[in-house]
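Participant:
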Amino acid sequence: MKVEVREPILALLFLIPACIGVAALYYYPIVQTLIYSMHDLHYTLDWIKQPATLQNYLEVLHSANFWQSFRYTVYFTVIGVSFQLLIGLGMALAAFGLSPVLRIIVRVMIVIPWVIPPIISAMIWKWLFNTDVGLIGYILVRCGLVAYPPAFLSIPILAKHCIILADIWKWSSLMAMFLIGGLAAIPQDIYDAAEVDGARPWFRFRKVTLPALLPTISVAVLFRSMDALRTFDIIYGLTGGGPGTATETLSSFAYKFCFEYGKFGIGSAYAMVVFLLIGIIAVLYVSRIQGVLRFRK
Amino acid sequence: MKKREYHHYRPYMTRAKQLLAVSLIVIFCLLPLYYIFITSLKPDGSEYKLPLEVWPSQPTLQAYRTILGGGDINFLVPLRNSFIVSSSVTILTLLLSGLAAYAIARLRFRHKIPSLLFLLMGAVIPLASTIVPTFMLLRTFGLLCTLPGLIIPNTIYNVPLCTWLLVCYFAEIPFEIDDAAKVDGYRPLQIFWRVIMPLSGPGLFSAGIFAFLGSWGEFMLASVVIMGVPSAETVPVALLNFSQYYRLQWTWISAGIIVSVTFIVLLAAFFQRWVIRGLTAGSVKY
Numbered sequence: 007m008k009v010e011v012r013e014p015i016l017a018l019l020f021l022i023p024a025c026i027g028v029a030a031l032y033y034y035p036i037v038q039t040l041i042y043s044m045h046d047l048h049y050t051l052d053w054i055k056q057p058a059t060l061q062n063y064l065e066v067l068h069s070a071n072f073w074q075s076f077r078y079t080v081y082f083t084v085i086g087v088s089f090q091l092l093i094g095l096g097m098a099l100a101a102f103g104l105s106p107v108l109r110i111i112v113r114v115m116i117v118i119p120w121v122i123p124p125i126i127s128a129m130i131w132k133w134l135f136n137t138d139v140g141l142i143g144y145i146l147v148r149c150g151l152v153a154y155p156p157a158f159l160s161i162p163i164l165a166k167h168c169i170i171l172a173d174i175w176k177w178s179s180l181m182a183m184f185l186i187g188g189l190a191a192i193p194q195d196i197y198d199a200a201e202v203d204g205a206r207p208w209f210r211f212r213k214v215t216l217p218a219l220l221p222t223i224s225v226a227v228l229f230r231s232m233d234a235l236r237t238f239d240i241i242y243g244l245t246g247g248g249p250g251t252a253t254e255t256l257s258s259f260a261y262k263f264c265f266e267y268g269k270f271g272i273g274s275a276y277a278m279v280v281f282l283l284i285g286i287i288a289v290l291y292v293s294r295i296q297g298v299l300r301f302r303k
Numbered sequence: 055m056k057k058r059e060y061h062h063y064r065p066y067m068t069r070a071k072q073l074l075a076v077s078l079i080v081i082f083c084l085l086p087l088y089y090i091f092i093t094s095l096k097p098d099g100s101e102y103k104l105p106l107e108v109w110p111s112q113p114t115l116q117a118y119r120t121i122l123g124g125g126d127i128n129f130l131v132p133l134r135n136s137f138i139v140s141s142s143v144t145i146l147t148l149l150l151s152g153l154a155a156y157a158i159a160r161l162r163f164r165h166k167i168p169s170l171l172f173l174l175m176g177a178v179i180p181l182a183s184t185i186v187p188t189f190m191l192l193r194t195f196g197l198l199c200t201l202p203g204l205i206i207p208n209t210i211y212n213v214p215l216c217t218w219l220l221v222c223y224f225a226e227i228p229f230e231i232d233d234a235a236k237v238d239g240y241r242p243l244q245i246f247w248r249v250i251m252p253l254s255g256p257g258l259f260s261a262g263i264f265a266f267l268g269s270w271g272e273f274m275l276a277s278v279v280i281m282g283v284p285s286a287e288t289v290p291v292a293l294l295n296f297s298q299y300y301r302l303q304w305t306w307i308s309a310g311i312i313v314s315v316t317f318i319v320l321l322a323a324f325f326q327r328w329v330i331r332g333l334t335a336g337s338v339k340y
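Chains as they are written, first to last, in the working numbering: chain B, 7 to 303; chain C, 55 to 340.
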């Protein structure tokens, strides 16, 4: 009986190390960033003597930079995640129609782009997008789509979409992995019943697979969106935000204002906006997954 | 008549369609890496030669000798640093999140959901929003330009995901085992260490892979903590600095990329079953 009494205290002791770490490196810094964002800090972080204002937010909201990067961040997320979902769904469905050996090959392949760190995949794509000897330009020329490869990363509209393409390559894998799990969880009975009823493949996909997969899809899309909204590495490695500021995201501006221009107040305001956007999606995400959180009482 | 096997419940596609699907997926996933690989095998300077070759006409390991040979450019130091950082992060993360997940999944106390959410919601906060205060915090403790300055934050960055994976895993183990162990006179700490941990090998393994991969590729924090000190550089930072310094030497950069990703690609490819299962365990179960 002595053991029973001790259990809550033990649980507390077990939880403390992780909680202290998370508090010190997630919650404390975000509160600190909120404080920074309300002070005028230029090459200094000494905010104690200043009054708190919303000046930085006003300045940010009235700047063209902010709205441009905001639009690009949202565009990047929506277009990128949609294509990742389509390609990931295709790969996951294909994996399920394959014989066991081919299926293992496909699963190994799917893992590879995901495992490559974002900053390194940015470098890989930088070489692929090289104007003179890049693979993408070469393919376009060979297909007869263009006479000469364009300067992919120097033309704003192209650079924007090249980054999205590189991101799609890296993250379609993760989508596929999520969906493979979701497909595996669909009970076989439903398919058998559909087949007995004579459902054709397309009909079966629309009326059986898709509805059963929808919870997985929505969780995967929310999860990916939270990640895409904070994208930094691939931008930093591929274009550095250029040409001009065409491919800056909110995160890359937050980083630049702090570490390159020394405007910690403005940078922190950008950082808080990123946090806010992701927070909204997180609330949706938690409300979706809350059903699972049931443990031994 | 469609041929169907007992345990492969869904009908396969036709042979031709299967091969088409596999080749498309292989091309999609591997083509970028393949192009980097053949570039790394070209002699210096010939990466700019047209027309492009499907396989280099004079393959050479010259680029690899340059970056690993111990001359001016030495990739072995960042590789060593990355191995130290990622292995330490893996062990520490498994310890911290193993304890926390055990408490949440198997011990009796109130406020389970809030404490789980407290740990998980940390991961929602983007690094871009915490980087400046984190930098100041590490400076206060004198951890800038050191490997512990990378190990400690990266450990915490992997705690939310790993805790979640392990909570899902621990919750699956039947509670009768705990009760049996209690009857045998095991104390809670012993149950954790001698009963649950050994039973959770696969769960710990996939969580460990995630921690290793996550810390291997982490860039933003590393770039500000290292502050350009070569002896503390990890692979992603070293590679980026290198590619900016020798920005036209793409045979070298390609060789650097191949060296940096070979180990993690093999790790993930070899253990794809655990990776995919780990990912899906946490997200798809309901």
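We put the beta carbon where it would ideally sit given N, CA and C, even for glycine.
This structure is a prediction, so every number in the text was calculated from the model and none was measured.
1) By Cβ distance below 6 Å, which residues in the same chain neighbour Gly188/B in space, the five residues on each side in sequence not counted?
2) According to DSSP, which residues form a beta bridge with Lys103/C?
3) Just to confirm before moving on: does the CB-CB distance between Val227/B and Val112/B stay below 7 Å?
4) What's the gap between the Cα of Gln194/B and the Cα of Leu95/B?
5) Work out the CA separation of Thr188/C and Ser224/B for me, nearest whole Å.
6) Buried or exposed for Gln326/C, going by 16 or more other Cβ atoms inside 10 Å?
7) Which of the three DSSP states, helix, strand or coil, is assigned to Lys132/B?
8) If the criterion is Cβ atoms closer than 7 Å, does the pair Thr245/B and Thr251/B meet it?
9) Would Cys216/C pass as a contact of Ser151/C if the rule is Cβ separation under 7 Å?
10) Cβ of Tyr240/C within 6 Å of any heavy atom in the ligand ATP?
11) Counting only Cβ pairs nearer than 9 Å, list the residues of chain B close to Pro132/C.
12) Going by beta carbon distance, what residues of the same chain come within less than 8 Å of Cys25/B, once the five residues before and after it are set aside?
13) Ala275/B to Lys269/B, Cα distance in whole Å?
14) If I measure Cβ to Cβ from Pro155/B and keep anything under 8 Å in the same chain, skipping five residues before and after, which residues do I get?
15) In chain order, what are the residue ranges of uninterrupted alpha helix (DSSP H) at least 4 long that sit wholly in the region 251 to 287 of chain C?
16) Apart from the five residues on each side of it in sequence, which residues of its chain come closer than 8 Å, Cβ to Cβ, to Met55/C?
17) Can the beta-carbon of Ile138/C be found closer than 7 Å to that of Gly310/C?
18) Are at least three pairs of beta-carbons, each pair with one atom in the region 195 to 211 of chain B and one in the region 272 to 290 of chain B, less than 8 Å apart?
19) Alpha carbon to alpha carbon, what distance is there between Gly248/B and Leu19/B?
20) Output needed for Tyr63/B: all residues of its chain with C-beta closer than 6 Å, excluding positions within five of it in sequence on either side, in chain order.
21) Report the rounded CA-to-CA distance for Ala157/C versus Thr79/B, giving the unit in angstroms.
22) Which residues, in order along the region 57 to 74 of chain B, keep a beta-carbon less than 9 Å from a beta-carbon of chain C?
23) So within the region 181 to 244 of chain B, which uninterrupted beta strand (DSSP E) runs reach at least 3 residues, ignoring any that extend past its ends?
24) Examine chain B for any beta-carbon lying closer than 7 Å to the beta-carbon of Lys56/C, and answer yes or no.
25) Using the rule of at least 16 other Cβ atoms within 10 Å of the residue's Cβ for burial, across every protein chain shown, is His61/C buried or exposed?
26) Use the C-beta contact count for His165/C: other C-beta atoms within 10 angstroms, 16 or more gives buried, fewer gives exposed.
27) Leu171/B CB to nearest chain C CB: under 7 Å?
28) Would you report the Cα separation of Trp328/C and Val313/C, rounded to the nearest angstrom?
29) Helix or strand or just coil, what does DSSP make of Lys262/B?
30) Measure the Cβ-Cβ separation of Val143/C and Asn208/C and say whether it is below 7 Å.
31) As a quick exercise: from Ile41/B, Ile174/B, Pro14/B, pick the residue whose alpha carbon is nearest that of Asp233/B.
32) Just how far apart, CA to CA, sit Ala154/C and Ser140/C?
33) Can you tell me where the alpha helix (DSSP H) with Pro119/B in it begins and where it stops?
34) Would Arg230/B and Ser257/B be called neighbours here (beta carbons separated by less than 7 Å)?
35) Roughly how many angstroms separate the alpha carbons of Ile227/C and Pro256/C, rounded to a whole number?
36) Do you know how far the Cα of Ile280/C is from the Cα of Leu312/B?
Facilitator: With the given structure in hand:
1) Only Leu219, Thr222 meet the Cβ criterion.
2) DSSP output for Lys103/C lists no bridge partner at all.
3) The answer is no: Cβ separation not under 7 Å.
4) CA-to-CA, the gap between Gln194/B and Leu95/B works out to about 19 Å.
5) One C-alpha to the other measures close to 32 Å.
6) So Gln326/C ends up on the buried side.
7) Three-state result, Lys132/B: helix.
8) No.
9) Yes.
10) The ligand ATP is not part of this structure, which contains no ligands at all.
11) Neighbours of Pro132/C on chain B: none; closest Cβ ~12 Å, over 9 Å.
12) Short of 8 Å from the beta carbon of Cys25/B, and not among the five residues preceding or following it, lies no beta carbon of its own chain.
13) Answer to the nearest angstrom: the Cα atoms are 10 Å apart.
14) Cβ within range, chain order: Thr137, Asp138, Gly140, Ile142, Gly143, Tyr144, Leu146, Val147.
15) Listed in chain order, the alpha helix (DSSP H) elements of length 4 or more contained wholly in the region 251 to 287 of chain C are 255 to 271, 274 to 280.
16) Caution applies to Met55/C, whose pLDDT of 38 falls short of 50 and renders its modelled position unreliable; the model cannot decide the point.
17) For Ile138/C and Gly310/C, no; Cβs fall outside 7 Å.
18) No, because fewer than three Cβ pairs between the region 195 to 211 of chain B and the region 272 to 290 of chain B fall closer than 8 Å, the two stretches do not touch.
19) So the two alpha carbons sit approximately 49 Å from each other.
20) Shown here for Tyr63/B: same chain residues with a beta carbon closer than 6 Å to its own, the five before and five after excluded, namely Ala275 in chain order.
21) Ala157/C and Thr79/B: Cα-Cα distance of roughly 39 Å.
22) With the criterion set as a beta carbon lying under 9 Å from some beta carbon of chain C, the region 57 to 74 of chain B has no members that meet it.
23) List check, beta strand (DSSP E) in window: nothing returned.
24) Model confidence at Lys56/C stands at a pLDDT of 43, short of 50, so the residue's coordinates are unreliable; what they give is reported in the following sentence. Lys56/C does not count as touching chain B.
25) Note that His61/C has pLDDT 45, beneath the 50 cutoff, so the model's placement of it is unreliable and the number below is only indicative. Looking at its Cβ environment, which holds fewer than 16 other Cβ atoms inside 10 Å, His61/C is exposed.
26) With fewer than 16 Cβ atoms within 10 Å of its Cβ, His165/C is classed as exposed.
27) With 7 Å as the cut-off, Leu171/B does not count as an interface residue toward chain C.
28) Cα to Cα, Trp328/C sits roughly 24 Å from Val313/C.
29) Three-state DSSP puts Lys262/B in a helix.
30) Between Val143/C and Asn208/C, the C-beta spacing is below 7 Å.
31) The shortest Cα separation from Asp233/B among Ile41/B, Ile174/B, Pro14/B belongs to Ile174/B.
32) Between the alpha carbons of Ala154/C and Ser140/C lies a distance of about 21 Å.
33) Where Pro119/B is concerned, the enclosing alpha helix (DSSP H) stretches over 106 to 121.
34) By the CB criterion at 7 Å, Arg230/B and Ser257/B fall outside the cutoff.
35) Roughly 12 Å separates the two Cα atoms.
36) This structure gives no information on residue 312/B, because the portion of chain B shown stretches from 7 to 303.
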